[in-house]
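Q: Structure incoming, see below.
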Amino acid sequence: MSHDSHHAPVACKTELAPERSDLGLIRPDRATGWIDWLTTVDHKKIGILYGAFAMFYFLVGGVEALAIRTQLARPDNDFVTARMYNQLFTMHGTTMIFLGVMPLSAAFFNFLVPLQIGARDVAFPRLNAFSLWTFVFGAFVLNASWFFEFAHLAGWFNSFEWHKALVYTDFAPANGWFSYAPLSGTFGQNGQALRFTGVGTDFWIIGIQVLGIASLAASFNFICTIINMRAKGMTMMRLPVFTWMTLVTAVLIILAFPAITVALIELMFDRTFGANFFNPSAGGQPVLWQHLFWIFGHPEVYILVLPAMGIVSEVLPTFSGKSLFGYPIIVFSGAVIGFLGFAVWSHHMFTTGLGPVPTAAFSLLTMAIAVPTGVKIFNWLGTIWGGRIRFTPPMVLALGFIWMFMCGGFSGVMHSAAPADSQQQDSYFVIAHFHYVLLGGVLLGLMAGLYFWFPKIFGRMPNAPIAYIASGLVILGFNVAFGPMHYLGLAGQPRRTHTYHAGNGWEQWNYVATIGAYILGIGVALAFVNLVWTAFRGKKCSNDPWDGRTLEWSLPSPVPEYNFAQAPIVATRDAFFEDKHGSKRIGSEPDGGEAGVHMPSQSWMPLVASAGFLFIGFGMPMMAMGIPHAGWMVIGGLGVLFLGIWLWALEGPGGYMLKTPVNRDAPVPTETAAH
Amino acid sequence: MSDTAAAHEAPTSTGIDHKKLIMWLFLASDCMFFGTLISTHLLYRKLFPAGFTDAEGHQRFIQNLFNIELTSFSTFILLMSSFLMALAVSAMHKGQIKSFRRNVLGVIFFGVIFLGCQVYEFTHFYHEGLTIQNSVLGSTFYVLTGTHGTHVAIGVLWLIMMYFYSFTGKLGGHMGALDVEIAGLYWHFVDIVWIIIFTAVYLVEYLGPNGIWGTGLPAVAK
């Protein structure tokens, strides 16, 4: 077998002799610089790349949000056209959810999970790289629709024949982030497939499809890693809560994404091949789209929020100097949220007329799901109660999370009452609710995570005063922007409407909300500038600046590529904290030694396979546009995907041995403690 | 070809190999995938029990279209392919590479017969007037069974590659047997899904005097 021909152990991978894979190609193991980043299989580098792309798309989505708020600042405004406005709110929602929050959560999964469970990497390092690049290409396809839109507005397409055949010409998606049929679908008999919307919808369909593949592949990988690669002694009930929430999130993803995948396939068949799944003129049921979308869409809400809850559950104990209050209850309530998350989807559809029994059932279940969430809130309060609280930027953001998320939760419970929900449906009240959950909850949680783990990721400490100012601006701006929307919604302002007339009593609060949005924008931008500056130029800090509790803090910062020179043996929850202050030491396994640590080989193949999605991603919308021979581009893309996977399978895993410093100087305890 | 070459030295926390675990996870996800497709089909069958209208404007019932003998035959073939797959896995565990090759060739052969039947069926139905475009029934039927067919085709390709790979001598030992077993898991799953589709899409149409959905022709139609 190929991996018997390992090199002699080296101290640094650049010393490796060139090794050929089973295919005879030279492996990019020794590469540095951009080739190293493109071919990396190191979960930490993949995590950093996820984070960088996510922060970029946060800014893109933020600019879209500010354009929306600028348009709404004044009644009868014409800052953007109605069509552009539709595209802006659609892309804002899609970008923030699929390209901002999910990848930023994935960045934390990647960087932290192996470190927290005492592993050297994820179960499938090359599959992990495949997830990353598939996400990158999917995100690119989705956003490339903007370039088509701008080219169209500039008149570049006017001379093309196929362009004249297009009646509806939204080039960027314009259906809202859930793309309800029949607006997103077709009408007309016998495969006429007349469309309400332009090619933007096709970009959206294929973009979300590709992003779904990335999420699925990553989730398989992470469930496998968490279940199968725990260090000795790391039982399931000793896992750090963040890792637990990652596990629940990944299970949600693998069970929820198939529903949207099928829905997207059906919609794609409608639009591209004239099928009738959601075509009302041929008997298709548009409400089926709503069901399929929300069977995915509601678990998706928990997919977004559970990682942030996990982060907060790490930050609060650290800065309260106490262990997490009611660890098993936190874990079980997380699992219950995941389970119930599949049973509440129809509360998004109370106004479709489900009938009294389903409406009552979904109402009840929606109220029920507030219970495990409330349990978590009380556990967090119990954690800080009587603790020795240290105020740091992550702690401030985590405390903000509790407050703001709770506000979002309260308005959420209001929605669970179906009669009240019928009044709030499609109003700004809903906008206010889910922004309190997603911004006040998820964004604050993720920012807390960034400030908390940045010193571990880069070995540099973010500037605290700037961090406080940024956090303050975010919390202030966010409340000023979204607080008034509760009122606006109850006063009747509809969502997804590009303007409103004066005289409805909405002018004042819309103006205030826009001011809040700009404060929020400045706050987020300041935080990101602070973080990026820290990554490159920040002040160096110690390996354990926060007096951390979990295994990742026991490692040097930045973490070496092999993570643990010696695999740890864990005897308790909060193993590192106990090791420092308690009686139970972290043991270590007697491996490594002169043979070194086995490292997986780097590979081009995940990138090659993912690149197939680029061709598929551009080919499908072009096919729907009716561009001749575009189908060949899709087939070519499938070919590239297949070729990449095939070469990936045949190149062999390879691998090399890396010497660890433990062999030379080792102040690491070698005796294992209590079992 | 495991990414975790060190698996020999470091056993997993559960004792289940990573590759086998990830295949089970994938299958869990695929259950939801087919579950959604099958639900879509049944839902529309209930809503539009009357079948479809062909190009000449004739009302057609689904039982007129089905050739239940042919589909039963292809179902039987697919079931038998699962039997051969089990033999191939067992042979690989015993290190009998020649027996493995024989059996896997049988699986591939049967898989291709199944796909051939499906191609015949699709062509036949198309000429009879059921298209993906002219009715909801056409859309759900072709997309559901076509997706299953794609799964079978991927399985056949996988096994063909495994067959040829076995001649390089690299498909051997514990890891080789594991790879074959995982392909087997996939193959059996696809087979089980077909049993569900065959029941839910074909057989139930013949229940009751007017078909299970209340309208339609007597089961002896044709």
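Same order as they appear, the protein sequences are chains G and P.
For any residue, its number in my numbering is found by taking its place in the first sequence, counting from 1, and adding 5.
For any residue, its number in my numbering is found by taking its place in the second sequence, counting from 1, and adding 6.
Ideal Cβ positions, reconstructed from N, Cα and C, are used throughout, including at glycine.
Please confirm if the region 94-107 of chain G is in contact with the region 581-589 of chain G, defined as three or more CB-CB distances below 8 Å between the two stretches.
A: Fewer than three beta-carbon pairs drawn from the region 94-107 of chain G and the region 581-589 of chain G are found closer than 8 Å, and the two stretches are therefore not classed as touching.
Q: Would residue 267(G) count as contacting chain P if we go by Cβ distances under 7 Å?
A: As a position in the first sequence, residue 267(G) is number 262, starting the count at 1. Taking Cβ atoms only, chain P reaches closer than 7 Å to residue 267(G), which makes this a yes.
Q: Who are residue 602(G)'s beta bridge partners in DSSP?
A: Within the first sequence, the letter at position 597 stands for residue 602(G). According to DSSP, residue 602(G) bridges with 663(G).
Q: Show which residues of chain G have a CB atom less than 7 Å away from the CB atom of residue 42(P).
A: Here the question's residue 42(P) lines up with position 36 in the second sequence. The answer, in chain order, is 263, 264, 267 and 297.
Q: Of the residues that make up the region 185-196 of chain P, which ones have a beta carbon closer than 7 Å to any beta carbon in chain G?
A: none
Q: Pull up the distance between the alpha-carbon of residue 12(P) and that of residue 140(G), whole angstroms please.
A: Counting from one through the second sequence, the residue named residue 12(P) turns up at place 6. Counting from one through the first sequence, the residue named residue 140(G) turns up at place 135. Per-residue confidence for residue 12(P) stands at a pLDDT of 41, beneath the threshold of 50, marking its modelled position as unreliable; no derived number is given.
Q: Starting from residue 450(G), trace the alpha helix (DSSP H) both ways and give me its first and last residue.
A: As a first step, residue 450(G) must be located in the first sequence, where it is residue number 445. Counting along the chain, the alpha helix (DSSP H) containing residue 450(G) begins and ends at 449-463.
Q: Closer than 8 Å is the cut-off here; do at least three beta carbon pairs connect the region 104-120 of chain P with the region 75-89 of chain P?
A: yes
Q: In the DSSP assignment, the alpha helix (DSSP H) including residue 15(G) goes from what residue to what residue?
A: Here residue 15(G) refers to the residue found at position 10 of the first sequence. Unbroken run through residue 15(G): none, as it is neither H nor E.
Q: Confirm, please, whether the CB-CB distance from residue 447(G) to residue 313(G) is below 7 Å.
A: Position 308 of the first sequence holds residue 313(G). Position 442 of the first sequence holds residue 447(G). Their beta carbons are under 7 Å apart, which means residue 313(G) touches residue 447(G) by this criterion.
Q: Contact criterion: CB-CB distance below 7 Å. Does residue 32(G) meet it with respect to chain P?
A: Here residue 32(G) is taken as the residue at index 27 of the first sequence, counted from 1. It does not; no Cβ of chain P falls within 7 Å.
Q: Which residues in the same chain have their Cβ closer than 7 Å to the Cβ of residue 510(G), if we skip the five residues on either side of it in sequence?
A: Along the first sequence, read from residue 1 onward, the residue named residue 510(G) stands at position 505. Closer than 7 Å at the Cβ level, and outside the excluded window around residue 510(G), lie 496.
Q: Going along chain P, which residues have a C-beta under 7 Å from residue 591(G)?
A: By 1-based counting over the first sequence, the position of residue 591(G) is 586. Here the premise fails: no neighbours, minimum Cβ distance about 17 Å.
Q: Nearest chain P C-beta to residue 280(G) closer than 7 Å, yes or no?
A: Start at 1 with the first residue of the first sequence, and residue 280(G) comes out as number 275. Yes - at least one Cβ of chain P is within 7 Å of the one on residue 280(G).
Q: Are residue 177(G) and residue 151(G) touching if we call contact CB-CB under 7 Å?
A: Residue mapping note: residue 177(G) aligns to position 172 of the first sequence, counting from 1. Residue mapping note: residue 151(G) aligns to position 146 of the first sequence, counting from 1. Yes, these two residues count as a Cβ contact at 7 Å.
Q: In chain G, which residues lie with their C-beta within 9 Å of the C-beta of residue 54(P)?
A: Numbered from its first residue, the second sequence carries residue 54(P) at position 48. Residues of chain G passing the Cβ test: 288.
Q: Checking the sheet assignment: what are the DSSP bridge partners for residue 65(P)?
A: Numbered from its first residue, the second sequence carries residue 65(P) at position 59. According to DSSP, which records beta bridges pairwise, residue 65(P) is partnered with 59(P).
Q: How would you list, in chain order, the residues of chain P whose beta-carbon sits under 8 Å from the beta-carbon of residue 274(G)?
A: By one-based count along the first sequence, residue 274(G) stands at place 269. Under a criterion of Cβ atoms nearer than 8 Å, the residues of chain P adjacent to residue 274(G) are, in order, 138, 145 and 149.
Q: Between residue 24(P) and chain G, is there a C-beta pair that is closer than 7 Å?
A: The sequence position of residue 24(P) within the second sequence is 18, counting from 1. Cβ-Cβ to chain G under 7 Å: yes for residue 24(P).
Q: Taking only beta carbons into account, state which residues of the region 551-581 of chain G come closer than 7 Å to chain P, listed in chain order.
A: Cβ contacts with chain P: none found.
Q: Name the chain P residues that come within less than 8 Å of residue 293(G), Cβ to Cβ?
A: By 1-based counting over the first sequence, the position of residue 293(G) is 288. Neighbours of residue 293(G) on chain P, chain order: 46 and 49.
Q: In chain order, what residues of the same chain lie with their CB nearer than 6 Å to the CB of residue 670(G), ignoring the 5 residues before and after it?
A: For this step, residue 670(G) is matched to residue 665 along the first sequence. Since pLDDT at residue 670(G) reaches only 44, below the 50 mark, its modelled position is unreliable, and no value is offered.
Q: Can you give the beta carbon distance from residue 154(P) to residue 113(P), rounded, assuming they're within the 8 Å contact cut?
A: If you number the second sequence from 1, residue 154(P) lands on position 148. If you number the second sequence from 1, residue 113(P) lands on position 107. Not a contact, Cβ separation roughly 17 Å.
Q: Does DSSP put residue 84(G) in a helix, in a strand, or in coil?
A: The count along the first sequence starts at 1 and reaches residue 84(G) at position 79. It is coil, neither helix nor strand.
Q: Skipping 5 residues on each side, what residues in its chain have a beta carbon closer than 6 Å to that of residue 484(G)?
A: Residue mapping note: residue 484(G) aligns to position 479 of the first sequence, counting from 1. If we look at residue 484(G) and ignore the five residues flanking it on each side, it has no Cβ neighbours.
Q: Quick check on residue 55(G): buried or exposed, where buried means 16 or more other Cβ atoms within 10 Å of its Cβ?
A: Here residue 55(G) corresponds to residue number 50 of the first sequence, with the count starting at 1. Sixteen is the threshold: when 16 or more other Cβ atoms of the shown chains lie within 10 Å of the Cβ of residue 55(G), as they do, the residue is buried.
Q: Take the Cβ of residue 587(G) as the centre, count every other Cβ of all protein chains shown within 10 Å, and call the residue buried at 16 or more, exposed below.
A: Taking the first residue of the first sequence as 1, we reach residue 587(G) at position 582. Its Cβ having fewer than 16 others within 10 Å, residue 587(G) is exposed.
Q: Here's the rule I'm using: 16 or more other beta-carbon atoms within 10 Å means buried, otherwise exposed. How should residue 81(G) be labelled?
A: If you number the first sequence from 1, residue 81(G) lands on position 76. Result: exposed.
Q: May I ask you to report which of helix, strand or coil DSSP gives residue 593(G)?
A: Locating residue 593(G) in the first sequence gives position 588, counting from the first residue. Strand.
Q: Using a Cβ-Cβ cut-off of 6 Å (strictly less than) and excluding sequence neighbours within five positions of residue 228(P), which residues of its own chain qualify?
A: Your numbering for residue 228(P) matches position 222 in the second sequence. Low local confidence applies: a pLDDT of 42 at residue 228(P) is under 50, so the model's placement there is unreliable, with the coordinate-based value given in what follows. Within the same chain, residue 228(P) has no close Cβ partners at all.
Q: In chain P, what lies closer than 8 Å to residue 196(G) by C-beta?
A: Position 191 of the first sequence, counted from the start, is the residue given in the question as residue 196(G). What residue 196(G) touches in chain P: 137, 138, 139 and 140.
Q: Measuring CA to CA, which of 108(P), 72(P) and 170(P) is closest to residue 129(P)?
A: Position 123 of the second sequence, counted from the start, is the residue given in the question as residue 129(P). Closest option to residue 129(P), Cα to Cα, is 72(P).
Q: DSSP three-state call for residue 192(G): helix, strand or coil?
A: Start at 1 with the first residue of the first sequence, and residue 192(G) comes out as number 187. Note: residue 192(G) maps to strand in three-state DSSP.
Q: Determine, using beta carbons only, whether residue 225(P) comes closer than 7 Å to chain G.
A: By one-based count along the second sequence, residue 225(P) stands at place 219. Annotation note: pLDDT 44 at residue 225(P) (below 50); position unreliable, coordinate value reported separately. No, because no Cβ of chain G sits closer than 7 Å to the Cβ of residue 225(P).
Q: Kindly indicate which three-state DSSP category residue 239(G) falls into: helix, strand or coil?
A: Within the first sequence, numbered from 1, the residue matching residue 239(G) stands at position 234. Coil.
Q: Nearest to residue 97(G) by alpha carbon, out of 120(G), 217(G) and 148(G)?
A: What you label residue 97(G) is simply residue 92 of the first sequence in a count that begins at 1. Looking at the Cα atoms, 148(G) is the closest of the given residues.
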